Each structure stands twice: as structure tokens, then as C-alpha cells.
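One structure is given below, encoded as C-alpha cells.
In C-alpha cells form, the structure reads like this:
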């Protein structure tokens, strides 16, 4: 999500209290999630994807014949990461933008329809979590089966 996140200090978001406190660093250090690097200054919260989702994106966009980053060819992992960063930002804007602009706390998660992880499209979960050591809010984006493998608590009804 980009832009002003709502009431409070610029660059901060309010959470509804249902966001689980988890060890984000442990999930990343054990390669269960991959950090989606962001190069701009407009990021509201760090983003991650489950490693199987990242592997499928690499297979989909980075394999095959043709030049890397050339016409009709495959993409470099860096380009895929940049596109993933933008895509998660757009999905968060669609899912949580109204809450953020109105100064309402962000929910513990959102579900949106997207072809981000599957060309046929389907539900993508955007799980808002808080790192229990740093207190930093993060979003983990992925399909339900990949998110379930992270052992996060279920989304509250109505998400």
C-alpha cells in the first residue's frame, strides 16, 4: 500500500489487534518466507511471500528459452521481485486502502482475487502479522495452501 496510511505518524499503520505476533525473522532465516525487497520510499510495511510461491514465480517467469529480460525471453529474478513488490502493493491498496485512508485499523488479513500466483486466478491471502521481536507490522501474501503451511492462526471471519 502506498501513500498516507491514515491517522498517526507518517509511515505507520494501525492494526486491529487480531494481527498475530510471530517470529518473522525465524520464518525468513529458515527460508519458509522470502522478503520482497522494496526500493522506494513509499513502503508502508515490509512484504514477504511463502517460499513455494516465490519458487513458482521463478519457474513461471525465469525459465525457458530466450534472452534474460529480452523481448520474448525470460525475466531475471530481480525483475520478478520488482514486479512482485508492485503487485503486492496494488493488492494491499485494493484490499486495505479504504481502511487506511479512513484511519481505521488494518485487519489481520484480507483475501483478494488475483492471478499473481496462478495464471488462472484465484484467492490471494494478504496476512498482516507483527514481528514479535521488533513490533514491525508486515504482510505475507500467498495462496491459502502456502499460507497454511506457515502455521498462522486462521483469519477472523469476514476477512
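In the numbering used here, the protein residues as written are 442 to 600.
Where a beta carbon is used, it is the ideal one built from N, C-alpha and C, also for glycine.
Keep in mind that this is a model prediction, so the values were computed, not measured.
Residue closest to residue i, alpha-carbon to alpha-carbon, out of the options
i, options, result
"residue 491", "578, 597, 565", "565"
"residue 557", "543, 530, 575", "530"
"residue 551", "582, 522, 527, 559", "582"
"residue 494", "563, 559, 593", "559"
"residue 489", "547, 528, 542", "528"
"residue 575", "477, 463, 456", "463"
"residue 526", "498, 509, 593", "498"
Beta-bridge pairing of residue i - partner residues as DSSP gives them
i, result
"residue 547", "456"
"residue 583", "566"
"residue 462", "571"
"residue 578", "571"
Local Cβ density within 10 Å of residue i, reported as buried at 16 or more and exposed below that
i, result
"residue 571", "buried"
"residue 568", "buried"
"residue 465", "buried"
"residue 590", "exposed"
"residue 555", "buried"
"residue 539", "exposed"
Extent of the continuous alpha helix (DSSP H) run through residue i
i, result
"residue 498", "492-503"
"residue 541", "518-542"
"residue 465", "465-470"
Limits of the unbroken beta strand (DSSP E) element including residue i
i, result
"residue 486", "First-last for residue 486: undefined, no H or E at that position."
"residue 476", "474-477"
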